[in-house]
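In the UniProt record's numbering, the protein residues as written are 1 to 174. Built from N, CA and C at the ideal position, the CB exists for glycine as well. Working notes for the structure below.
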């Protein structure tokens, strides 16, 4: 912050000095020549600009991290903290962004599961779908441990689309 104030006062003093010293219109271009930056001052201003950019990106990441951390479940909070603690270079934004993205994905999955569970409790009733015919066959009969004396039951897999077709009326139906 001190560097910013020093640079701005330096620029204003140079500009004020050049304006007050030159009274003729012929020296207008000379005013701008005096305001040119040297290589050293350019590097200082460039470094200052980069630092401002990094600070703004860090502040955005930290705000998003606070919001995500507040909404995470207990296990998600622990994994997020351990991921951030494992970063070696604190100035590295990519690693912290990667941790933030992983925790955001976890939060999205958690919210999705939580909403499904809450909606189910509120009164979404289970719909009945066509049942599989394989539910009636005992699993022990099809396992490899059971060796029957007769030929084992052969299960023919039906197409799942066939279960959705309308069934024909039975001849007994009225």
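Could you tell me how far apart the beta carbons of residue i and residue j are, in whole angstroms, since I believe they sit closer than 8 Å?
i, j, result
"residue 93", "residue 61", "7 Å"
Within the same chain, show all residues whose beta-carbon is closer than 7 Å to that of residue i, passing over the 5 residues directly before and after it, in chain order.
i, result
"residue 99", "80, 83 and 84"
"residue 97", "61"
"residue 65", "100"
"residue 95", "87"
"residue 57", "93"
Buried or exposed: which applies to residue i, given that a residue is buried once 16 or more other Cβ atoms fall within 10 Å of its Cβ?
i, result
"residue 143", "Note that residue 143 scores a pLDDT of 49, beneath 50, so its modelled location is shaky and nothing firm can be said."
"residue 41", "exposed"
"residue 103", "buried"
"residue 91", "exposed"
"residue 48", "exposed"
"residue 121", "Per-residue confidence for residue 121 stands at a pLDDT of 49, beneath the threshold of 50, marking its modelled position as unreliable; the derived number appears in the next sentence. Exposed, because fewer than 16 other Cβ atoms sit within 10 Å of the Cβ of residue 121."
"residue 54", "exposed"
"residue 146", "Confidence at residue 146 is low in this model, with a pLDDT of 49, below 50, so its placement is unreliable and the value that follows should be read with caution. Classification of residue 146: exposed, given that the 10 Å Cβ count is below 16."
For residue i, which residues of its own chain have a beta-carbon under 6 Å away from its beta-carbon, when the five flanking residues on both sides are left out?
i, result
"residue 106", "76"
"residue 110", "73"
Would residue i count as contacting chain C if we go by Cβ distances under 8 Å?
i, result
"residue 36", "No chain C is present in this structure, which holds just one protein chain."
Worksheet entry | Touch test, the region 35-49 against the region 69-80, Cβ-Cβ under 8 Å, three pairs minimum | For the pair of segments examined, the region 35-49 was found not to touch the region 69-80: the number of CB pairs separated by less than 8 Å stays below three.
Discussion item. I'd like the ranges of any beta strand (DSSP E) spanning at least 3 consecutive residues and lying wholly in the region 82-114.
Written reply: None, since the region 82-114 contains no complete beta strand (DSSP E) of that length.
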